[in-house]
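Numbering (my numbering), first residue to last: 5 to 444.
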């Protein structure tokens, strides 16, 4: 089976189930033996088609003579795949892309659909400059939703909050192929050693401004099975997630609870920041995901016997000095990494999630002792899940107050109201929110 055949099969599965794209891809790769070069191509096209599907569908409807809705679904997927490659994969010759698409169409649909696919793709190659998108002045929401491939309801939200220029900038950032973010384990390795290692491996990298223990690299493939990784010298984690841990400021001998801990990146960073001397209890509702926490802690040579499977909204334990809540959220700050999340989220979820988030924060308040700290964190940029949850909490719990984040993290990540707020297009890291709540 060719790489492009695999893409069509994956697109059929993705469009007919609620399973996320990365899970489908991982599952397929585990079941089938596919050479690494084909794996990279499959991921590039599969994720790219999903990311850009609004634009691709608009183009297909522009060049399809007739009702595309009456065509077999696999023909739409073949056209999506072909047009994506013609637009965004400059290293592959146009004729090769067209020939493979025609071959797939003939194999699945016969000569009629093969001729149809051939005509559409060749017409697109000749006339791609003539595509007319919605008017960028009179229909700005439709223009952004189509040209930058985001759901209209989400574009409407961002336009209302920021206006056109910033909404476009955010959408553009969400459509970039994401860098892989690493955090070095400073208990095991110095920054210069990591730099030398990446240079030796031929990996392009940069260090995150003001957070030198975080690196952004172009590809994880070269180092994912390296001795440095196996020995726990570094972990995969975005700097935005690290900000929440720094905001908690863990100290030796403190009793810390990491709620919603899987897959363990924050638990391990809390241990690193405390020189391995804090006691961190990692809690998560999902047993399988707790096993990921265990694996990650073991690889980093940290204790693995402080894990517990619980519902964070109903969790009861002994009092803690500090609690980190990595709250379940919409994930709308990480759309570049979660390619299909923009299409899976709904307006209804945006109304339901804050109730769950508030219940977790409310429960955590019962566990924290006087003078203790809760850090409430998300990977979303939506106010309903962030500051509005905190505002509601503080109105009820006047025994808590915001402890300004500027004392713990670089100023460029701190909002005027004293919490951490990052945006992909402004800060070059994932979108996130974190607030430090101190019990008086």
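C-beta: ideal position from N, C-alpha, C; glycine also. The model shown is predicted, which means the values in this text are computed figures rather than measured ones.
Item: Report the partner residues of residue 20 according to the DSSP bridge assignment.; Value: Its beta-bridge partners do not exist; DSSP assigns none.
Item: Could you round the C-beta distance between residue 80 and residue 72 to whole angstroms and report it? I think they count as a contact, below 8 Å.; Value: 6 Å
Item: Looking at the unbroken alpha helix (DSSP H) that takes in residue 358, where does it start and where does it end?; Value: 351 to 371
Item: Give the straight-line distance between the Cα atoms of residue 193 and residue 308, rounded to the nearest whole angstrom.; Value: 21 Å
Item: Please report the straight-line C-alpha distance between residue 198 and residue 174, rounded to a whole angstrom.; Value: 31 Å
Item: Do residue 409 and residue 420 have their C-beta atoms closer together than 8 Å?; Value: no
Item: Find out if the Cβ-Cβ distance for the pair residue 262, residue 284 is shorter than 8 Å.; Value: yes
Item: Report the option in 214, 202 and 393 whose CA atom is closest to the CA atom of residue 231.; Value: 202
Item: Going by DSSP, which residues form a beta bridge with residue 405?; Value: 442
Item: Between the Cα of residue 393 and the Cα atoms of 354, 50 and 22, which residue gives the shortest distance?; Value: 354
Item: How is residue 200 classed by DSSP in three states: helix, strand or coil?; Value: helix
Item: I'd like the ranges of any alpha helix (DSSP H) spanning at least 4 consecutive residues and lying wholly in the stretch 67 to 103.; Value: 77 to 92
Item: Within the chosen definition, does the stretch 62 to 70 reach the stretch 100 to 109 through at least 3 CB pairs nearer than 8 Å?; Value: no
Item: Evaluate residue 242 with the Cβ neighbour count: other Cβ atoms within 10 Å of its Cβ, from every protein chain shown; 16 or more gives buried, anything less gives exposed.; Value: buried
Item: Suppose only complete runs of 4+ residues qualify. What are the alpha helix (DSSP H) ranges in the stretch 262 to 332, listed by chain order?; Value: 269 to 277 and 291 to 303
Item: Let's see if you can read the secondary structure: which residues bound the beta strand (DSSP E) around residue 426?; Value: 424 to 426
Item: How would you call residue 210, buried or exposed, if buried means at least 16 neighbouring beta carbons within 10 angstroms?; Value: exposed
Item: In the DSSP assignment, the beta strand (DSSP E) including residue 187 goes from what residue to what residue?; Value: 184 to 188
Item: Using DSSP with H/G/I as helix, E/B as strand and the rest coil, what is residue 159?; Value: helix
Item: Count Cβ pairs between the stretch 392 to 407 and the stretch 424 to 440 that sit closer than 8 Å; are there 3 or more?; Value: yes
Item: State the DSSP-derived secondary structure class of residue 217, mapped to helix, strand or coil.; Value: strand
Item: Quick check: residue 446 and residue 436, are their CB atoms within less than 8 Å of each other?; Value: This structure cannot speak to residue 446, because the chain is shown only from 5 to 444.
Item: Using 10 angstroms around the beta-carbon of residue 270, count the other beta-carbons present and answer buried if the total reaches 16, otherwise exposed.; Value: buried
Item: By how many angstroms is the C-alpha of residue 385 removed from the C-alpha of residue 425?; Value: 8 Å
Item: From which residue to which residue does the beta strand (DSSP E) around residue 212 run?; Value: 209 to 212
Item: Could you check which residue in 266, 123 and 120 has the C-alpha nearest to that of residue 294?; Value: 266
Item: What are the boundary residues of the alpha helix (DSSP H) that includes residue 33?; Value: 25 to 35
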